[in-house]
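Beneath this line is the structure, given in structure tokens, with notes to follow.
Residue numbers (the numbering used here): 4 to 312.
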């Protein structure tokens, strides 16, 4: 493959919407949102807007599938299993899969299901997008970090060239595993605590008390990372605080948005993964155990209240 010509995106939330806008405007590129028929109908009936500007996209269902050069995966952790069923006919032996999902396990799941594809681990940072009733609002569009265990893998250049062409900011780090765990540390801290408090970034930018919980959860991730051979350090919490201060005060984490909308959260991919992996190496995680129990209890309450209506 000399260049990427056919790109699919699966997942049209806040992150997916921002990426879709860039790719849809890229010349000489076949770009489609991949979804089943019912979801495509929902997208057509409630078109997405980016900062209040309507975005018109092409959609492809599995029955009209052909292998893609690149598929970007931007769904919630608990939607991944169903997503992979939709993806199957779009994945060929030359397909590159790049996951923009939160957490540190989606690449392993994708690799197990699509051994014929090339998996590029990835994450997105410095993004403050909020999706409300079909409109994605943001001031920072994010930076995609991605790479491969082989730094000379040709897929890296192919995706880099595409992102340059599309105007998508990206970075290929020397130690992607460390960067992935750093983002995971952030998610485990700010996402979970903000979901419980249902608070925007402003609370964490201006008040110290809620950051006690955030920091405690993050330090449990650091201990786990070090036990797994990842070079994450206490100083990385301070690096996060610099990023925090750059985010729009009124914006919220994706997990906070999910909790406010009474949707399922990604707690299993955050505290759930921390707790499970920490047990294997003998590390205690009291903060994450408390956060997990609290968030799951809130979800159960929301389910119960919805059934009683």
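All C-beta atoms, glycine included, are put in the ideal place defined by N, C-alpha and C.
Buried or exposed by the 16-neighbour rule on C-beta atoms within 10 Å, applied to residue i
i           : result
residue 56  : exposed
residue 186 : buried
residue 79  : buried
residue 193 : buried
residue 17  : buried
residue 182 : buried
residue 284 : exposed
residue 19  : buried
residue 260 : buried
residue 227 : buried
Straight-line gap, residue i to residue j (C-alpha atoms, nearest Å)
i           : j           : result
residue 247 : residue 208 : 7 Å
residue 13  : residue 127 : 16 Å
residue 302 : residue 73  : 35 Å
residue 198 : residue 229 : 27 Å
residue 273 : residue 221 : 11 Å
residue 188 : residue 195 : 11 Å
residue 118 : residue 159 : 18 Å
residue 70  : residue 95  : 5 Å
residue 92  : residue 169 : 25 Å
residue 83  : residue 267 : 13 Å
residue 112 : residue 104 : 12 Å
residue 67  : residue 139 : 28 Å
residue 310 : residue 265 : 12 Å
residue 51  : residue 249 : 26 Å
residue 81  : residue 271 : 8 Å
residue 144 : residue 27  : 15 Å
Whole-angstrom C-beta distance between residue j and residue i, which should lie under 8 Å
i           : j           : result
residue 162 : residue 100 : Incorrect: roughly 11 Å between the Cβ atoms, too far for contact.
residue 3   : residue 36  : Any question about residue 3 goes unanswered here, given that the chain covers just 4 to 312.
residue 64  : residue 40  : 5 Å
residue 277 : residue 191 : 6 Å
Which of helix, strand or coil DSSP assigns to residue i
i           : result
residue 291 : helix
residue 251 : coil
residue 192 : helix
residue 175 : coil
residue 98  : coil
residue 11  : strand
residue 279 : helix
residue 211 : coil
residue 206 : helix
residue 273 : coil
residue 242 : helix
residue 263 : helix
residue 33  : strand
residue 199 : helix
residue 286 : coil
residue 4   : coil
residue 16  : coil
residue 167 : helix
residue 305 : helix
Min CB distance residue i to chain B below 8 Å
i           : result
residue 215 : Chain labels in this structure do not include chain B; a single protein chain is all it has.
Runs of 3 residues minimum, wholly inside the segment 100-160: which ones carry the beta strand (DSSP E) assignment? 121-123, 125-130, 133-135, 138-140, 144-149
Runs of beta strand (DSSP E) lying entirely within the segment 40-94, each at least 3 residues, in chain order: 73-76
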